[in-house]
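Novice: Structure below; questions to follow.
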Amino acid sequence: MRFRKNDGKRVRAVCKVKDCKWVVYASRDYEDSCWQVKTFFNDHTCPREARNRATNRNWVAGKLVKKLRKYPNFRNCETTTYFKTKYDLSLNRNSISRALCDARNIVYGDAKEQYAMLRDYGETLLKTNPGSTVQICTKPQPSGEVIFERILDGAFLKTVFGGQILSAVGQDANHHIYVIAWAVVEVENFENWKWFLDLLHEDLGDYKTHGWNFISDMQKVIS
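Quick note: the sequence shown, position 64, residue 64 per full-length UniProt numbering, numbers continuous.
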């Protein structure tokens, strides 16, 4: 449909198909602070269009926010099926990708903004957990600006920046698992594992003296 009139006082919508008599007209009732439908001709047999200009990026992203909170791994192909099934809409891939990216930023936060708070996070960690070790490695850029380079198991990070997270965990007397140290690195290799384990060794002390035992999940780079 399209709007012939649409303002703060009245609205008239008609079918986009020529010679179709479908129409709805409503005006504002100031006494009751509502809108009143005054004309409605519902004789309408025109086929429904699969595309709608009202389904803009913000509208699509808003519908995806609830889905992402319930299904964190909601993919592009599932998004296409969802809108076709629920709203009978055919959205192109670019629209879906952009809207899905916006929805992820709303649900999970913008990764770029979060990394920009890394130094504040490090300072807060040192204040609240005395004795902790925080190291932020940066890589010089041609512009002169420095960017964050790296943040006994490794897991891939599914963000726009990628990378992998390395972690060392322990088990207390109640058999509860807790994180001892973690780091984000560009890639899981010998250099990054050595850097991580050297810092861990400095914090925990000599493993021979204290009787520490380390167990890894068959990581070749630290064997």
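Glycine included, each C-beta is placed from N, C-alpha and C at the ideal position. Only a predicted model underlies this, so the values are computations on that prediction, with no experimental measurement involved.
1) Output the distance between the C-alpha atoms of E149 and T79, rounded to the nearest integer angstrom.
2) Per DSSP, which one or two residues make a beta bridge with D29?
3) Could you give the distance in angstroms between the alpha-carbon of R98 and the alpha-carbon of Q164?
4) By how many angstroms is the C-alpha of G131 removed from the C-alpha of F74?
5) Can you name the residues that DSSP bridges to D170?
6) Excluding the 5 residues flanking A103 on each side, which residues of the same chain have their C-beta closer than 7 Å to its C-beta?
7) Over the uninterrupted beta strand (DSSP E) stretch that includes K16, give me the two end residues.
8) Between the alpha carbons of A21 and Q36, how many angstroms are there, rounded?
9) Which word fits E188, buried or exposed, when buried means at least 16 other C-beta atoms lie within 10 angstroms of its C-beta?
10) Measure how close the beta-carbons of K38 and Y25 come, nearest whole angstrom, since I'm counting them as under 8 Å.
11) Closest by CA to K18, which one among P47, F190, Y115, L197?
12) Pick helix, strand or coil for D96, following the three-state DSSP scheme.
13) Output needed for I151: all residues of its chain with C-beta closer than 7 Å, excluding positions within five of it in sequence on either side, in chain order.
14) Which of the three DSSP states is assigned to Q114 in this structure?
15) Exposed or buried, which one is F41 when buried takes at least 16 other CB atoms within 10 Å?
16) Using a Cβ-Cβ cut-off of 8 Å, state whether T79 counts as contacting chain B.
Specialist: Working from what's here:
1) With a pLDDT of 42 at E149, under the threshold of 50, the modelled position of that residue is not reliable, and the figure given next carries that caveat. If you take the alpha carbons of E149 and T79, they lie about 33 Å apart.
2) C34
3) 25 Å
4) 40 Å
5) It should be pointed out that residue 170 corresponds to Gly in this sequence rather than to Asp. DSSP, once it has assigned bridges, lists Y178 as partnering G170.
6) Around A103: A61, L64, V65, L68.
7) Taken as a continuous stretch (DSSP letters only), K16 belongs to no beta strand (DSSP E), as it is neither H nor E.
8) According to the sequence provided, residue 21 is Lys. The question's Ala does not apply to it. Cα-Cα distance, rounded: 20 Å.
9) buried
10) About 6 Å separates the beta carbons of K38 and Y25, which is inside the 8 Å limit, making them a contact pair.
11) Here the closest residue by C-alpha is P47.
12) With the sequence shown as reference, residue 96 is identified as Ile, and Asp is not the correct amino acid for it. It is helical.
13) Note that I151 has pLDDT 35, beneath the 50 cutoff, so the model's placement of it is unreliable and no number is given.
14) helix
15) exposed
16) The structure shown contains no chain B, having only a single protein chain.
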